[in-house]
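Take a look at the structure below.
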Ligand code: ADP
Ligand code: ZN
């Protein structure tokens, strides 16, 4: 409600009122003031026409032939009135300056009215501006978004193709009595192209696209959200066919927390308005509502019931092939050097969303432009990759203590070594002790292969890899010198082991049960701690056994700051030869 525009508006109103108040109250003709003796002299000279007596400290009088009133001190003497009457001077009596009180009251009413009026005008303007959520041509440059603008996401495209056909030719479906969904939910991680897909549906069907975000409805006055929803649907109905897009639907459609019913009236009203509007239109119209969320499991069931958002389409992170497609889509019309290996980039970008891949290509072109390079080279992609994964490299590294560098080198060497031994399918595309501006001391970039399932052994290996940094610190510098650098590693290991027990039923002790469905349990915590402790010990033993390789990796890191996968492999192979 109080955005910048409003603040400007309200301060304009405020100043207008101040000026008006000044004009109406203070800028009346300033009355003349006589001394009491001058007043008596005027009476003697028979110049006074009328006197207004009051209880206040001043009295006013009018001179003959003049329009204005004159002030003088009020002697507050009963005899004055008789004196004046004797002199044929008209006398009026008033309670304290009744005329000015009326004027003041009128001014206040006037100011109030002005405030009300301006408020109304600006509110109208305000309402209009917040409804500027309407977007007839979804592309920034005015062109419609089409399916060809989406690289990959083939399953999702398939799942919505009939929707497009239906928006275009609703009769075709109603002839068969087929009911199309009124609402779709796109769910999946941020940046995977949910908004893009919704725009493309509108673009392909050639209908207007109306968008709002659930987060816009947070912290609004009761009733405002609901009325905005109604306005949105009204607009859509006016264009007959349309795509209505509600991003971040969870902001208004989250499950009610247990025992916390009716906690948020505004949100409930907004949600109810949405459900009412959706049940209000017939699905044969050619209006479709698309909602997007990162987490479908947190949504209120009311939203997911038949006749509401009853088709749920996952838009997930791109797999290797999709990443390749998205990369080549963004490579188009850019001077990419022929030596750039797109397969290698696609391989290194597990867990990247479409938006991140776009960003990677863009950052790389910025690095190339800065260097005034004739083309975008692999090194520019490497720089971009580092920036996206870790933040930009810290340029001034002169104040980093040698001891800290050593700790980082051993910590990262530990991660890299254990990955190479236990998870040979993973690639460790980079190990570095170059700190980033985000406060990371260094990292070992561990890229898992794209796959559907992980085995129990692999989950345990992932935990051991996470612990290998701390294990290396303890082995080399002693148990009292372990550092805070392992905090993310511990968090990661804990979350893996928790799923291992509670979701995947991999713990012998707890058995095949989804304990996540029960409320928190200290027994589970105990079980997690035991498994983690055991895996830490295994990781430590492995590092100790291979400590000569660990030394080699750490020393190379101290010398060169960064290692590529081939260099790492070479060190490990030669290290193994020595032991063999
Ligand atoms: P979401 O709504 O899932 O958070 P967006 O649709 O807003 O994601 O995606 C952000 C941007 O990322 C898009 O505008 C587009 O530029 C890019 N992008 C994401 N996925 C893809 C894709 N599959 N193909 C092409 N561009 C994509
Ligand atoms: Zn670590």
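In the numbering used here, the protein residues as written are 3 to 582.
For each residue, glycine too, the CB sits at the ideal point set by N, CA and C.
### Message
Using a Cβ-based criterion (distance less than 7 Å to any ligand heavy atom), does residue 386 qualify as near ligand 1?
### Response
Position 384 of the chain shown, counted from the first residue, corresponds to residue 386. No, ligand 1 has no heavy atom inside 7 Å of this Cβ.
### Query
Expressed to the nearest angstrom, what Euclidean distance is found between the alpha-carbon atoms of residue 193 and residue 251?
Reading the chain shown from its first residue, position 191 is the one you call residue 193. Reading the chain shown from its first residue, position 249 is the one you call residue 251. If you take the alpha carbons of residue 193 and residue 251, they lie about 16 Å apart.
### Reduced DSSP category for residue 448 - H, G, I as helix; E, B as strand; rest coil
Locating residue 448 in the chain shown gives position 446, counting from the first residue. It is a strand residue.
### CA-to-CA distance, residue 341 to residue 378, given in whole angstroms
Position 376 of the chain shown holds residue 378. Position 339 of the chain shown holds residue 341. Those two C-alpha atoms are separated by around 10 Å.
#### Entry: For residue 3, the three-state DSSP class (helix, strand or coil)
Within the chain shown, residue 3 is the residue found at index 1, counting from 1. Caution applies to residue 3, whose pLDDT of 42 falls short of 50 and renders its modelled position unreliable; the value that the coordinates give is listed next. Three-state result, residue 3: coil.
#### Entry: Distance between residue 490 and residue 297 (C-alpha atoms, nearest Å)
Position 295 of the chain shown, counting from 1, holds the residue named residue 297. Position 488 of the chain shown, counting from 1, holds the residue named residue 490. About 23 Å.
### Chain-ordered list of residues that sit, by beta carbon, closer than 6 Å to a heavy atom of ligand 1
152, 153, 154, 155, 192, 193, 194, 195, 196, 197, 198, 294, 328, 331, 356, 357 and 360
### Query
What are the start and end residues of each continuous alpha helix (DSSP H) run of 4 or more residues lying completely inside the stretch 450-522, in chain order?
458-479 and 489-504
### Query
What do you get for residue 568, buried or exposed, if any count of 16 or more other CB atoms within 10 angstroms of its CB means buried?
Here residue 568 refers to the residue found at position 566 of the chain shown. Its Cβ having fewer than 16 others within 10 Å, residue 568 is exposed.
### Contact shell at 5 Å, judged by CB to any heavy atom of ligand 2, ordered along the chain
471 and 491
### Query
By Cβ distance below 6 Å, which residues in the same chain neighbour residue 94 in space, the five residues on each side in sequence not counted?
Start at 1 with the first residue of the chain shown, and residue 94 comes out as number 92. So the list reads 54, once near-sequence residues are dropped.
#### Entry: Which residues DSSP lists as bridging residue 423, in chain order
Counting from 1 along the chain shown, the entry for residue 423 is found at position 421. DSSP lists no partner for residue 423.
### Query
Which residues in the same chain have their Cβ closer than 7 Å to the Cβ of residue 439, if we skip the five residues on either side of it in sequence?
Locating residue 439 in the chain shown gives position 437, where the first residue counts as 1. The answer, listed in chain order, is 393, 394 and 396.
#### Entry: residue 151 and residue 198 closer than 8 Å at C-beta
Here residue 151 refers to the residue found at position 149 of the chain shown. Here residue 198 refers to the residue found at position 196 of the chain shown. It is a contact, given that the beta carbons lie within the stated cut-off.
### Query
Taking C-alpha atoms, which residue in 255, 349, 182 and 562 lies nearest to residue 301?
On the chain shown, residue 301 is found 299 positions in, with the first residue counted as 1. Of 255, 349, 182 and 562, the residue nearest in Cα terms is 255.
### Query
Where do the N-terminal and C-terminal ends of the alpha helix (DSSP H) with residue 393 fall, by residue?
Walking along the chain shown from the start, residue 393 turns up at place 391. Segment: none, residue 393 is in no alpha helix (DSSP H) and carries neither H nor E.
### Task
Compare the Cα-Cα distances from residue 235 to each of 403, 282 and 253 and report the closest residue.
Looking up residue 235 in the chain shown gives position 233. Among 403, 282 and 253, the Cα nearest to that of residue 235 is on 282.
### Cα-Cα separation, residue 37 to residue 74
One-based indexing of the chain shown puts residue 37 at position 35. One-based indexing of the chain shown puts residue 74 at position 72. So the alpha carbons of these two residues sit roughly 6 Å apart.
### According to DSSP, residues forming a beta bridge with residue 313
Your numbering for residue 313 matches position 311 in the chain shown. Paired residue(s): 186.
#### Entry: Given residue 570 as reference, the closest of 416, 352 and 89 once Cα atoms are compared
On the chain shown, position 568 is the one that residue 570 refers to. Among 416, 352 and 89, the Cα nearest to that of residue 570 belongs to 416.
### Given residue 290 as reference, the closest of 354, 162, 408 and 333 once Cα atoms are compared
For the purposes of this step, residue 290 is taken as residue 288 along the chain shown, with counting starting at 1. Ranking the options by Cα distance to residue 290, first place goes to 162.
### Task
Throw me the rounded Cβ distance for the residue 190 and residue 316 pair, which I believe falls under 8 Å.
Along the chain shown, read from residue 1 onward, the residue named residue 190 stands at position 188. Along the chain shown, read from residue 1 onward, the residue named residue 316 stands at position 314. Confirmed, about 6 Å.
### Task
From the DSSP output, in three-state form, read off residue 336 for me.
On the chain shown, position 334 is the one that residue 336 refers to. Looking at residue 336 - three-state DSSP - the assignment turns out to be coil, as it is neither helix nor strand.
### Message
Assuming residue 228 is part of the alpha helix (DSSP H), what are its boundary residues?
### Response
Sequence index remark: in the chain shown, residue 228 carries index 226 (1-based). Note, residue 228: alpha helix (DSSP H), 226-240.
#### Entry: At least 3 beta-carbon pairs within less than 8 Å: the stretch 321-332 vs the stretch 160-174
no
### Query
Around the Cβ of residue 418, are there at least 16 other Cβ atoms within 10 angstroms (buried) or fewer (exposed)?
For the purposes of this step, residue 418 is identified with residue 416 of the chain shown, where counting begins at 1. Looking at its Cβ environment, which holds 16 or more other Cβ atoms inside 10 Å, residue 418 is buried.
### Task
Can you tell me which of 437, 287 and 332 puts its alpha carbon nearest to the alpha carbon of residue 180?
Within the chain shown, the letter at position 178 stands for residue 180. When only C-alpha atoms are compared, the closest one is 287.
### Query
Does the Cβ-Cβ distance between residue 466 and residue 414 come in under 8 Å?
The residue labelled residue 466 in the question sits at position 464 within the chain shown. The residue labelled residue 414 in the question sits at position 412 within the chain shown. The answer is no: Cβ separation not under 8 Å.
### Message
So the candidates are 526, 553, 477 and 506; which of them puts its Cα closest to the Cα of residue 459?
### Response
Stepping through the chain shown from its first residue, residue 459 is reached at position 457. Looking at the Cα atoms, 506 is the closest of the given residues.
### Task
Enumerate in chain order the residues of its own chain whose CB-to-CB distance from residue 205 is below 7 Å, with the five nearest sequence positions on each side excluded.
Working through the chain shown from its first residue, we reach residue 205 at position 203. Correct list, in chain order: 140, 146, 147 and 148.
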